[in-house]
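Undergrad: In our numbering, the protein residues as written are 1004 to 1084.
Cβ coordinates follow ideal geometry from the N, Cα and C atoms, glycine included.
1) Quick check on the burial criterion: 16 or more other C-beta atoms within 10 angstroms. Buried or exposed for residue 1015?
2) Straight-line CA distance for residue 1010 to residue 1017?
3) Is the separation between the beta-carbon of residue 1032 and that of residue 1006 shorter than 9 Å?
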C-alpha cells in the first residue's frame, strides 16, 4: 500500500467518489477531518430552515424592509417585539 500524500488526504475528505475508490487500508489510515463531524441527522435537517430554527419565535428580520419578503408574511416578528 502506497501511503497517501497530504493532497490525497485532503481530496479524500472533500471528494466522496475519491474516498470510495480508496482501499480499506487507505481509508483506515486517514486522519480525522480537522473540522470534526460534518453530517447532520435527518431530524436536525428537518428542524432547520435557512439558519432559522423551527419552533422558535424570534427573527432578526425586519418585516418593513423591502428586501425581506419572507418576514413580511411571517408572524415571527410579532413574537419578537
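TA: Let me spell this out:
1) Position 12 of the chain shown, counted from the first residue, corresponds to residue 1015. Its Cβ being crowded by 16 or more others within 10 Å, residue 1015 is buried.
2) Along the chain shown, one-based indexing puts residue 1010 at 7. Along the chain shown, one-based indexing puts residue 1017 at 14. Cα to Cα, the separation comes out at about 11 Å.
3) Reading the chain shown from its first residue, position 29 is the one you call residue 1032. Reading the chain shown from its first residue, position 3 is the one you call residue 1006. Yes. Within cutoff.
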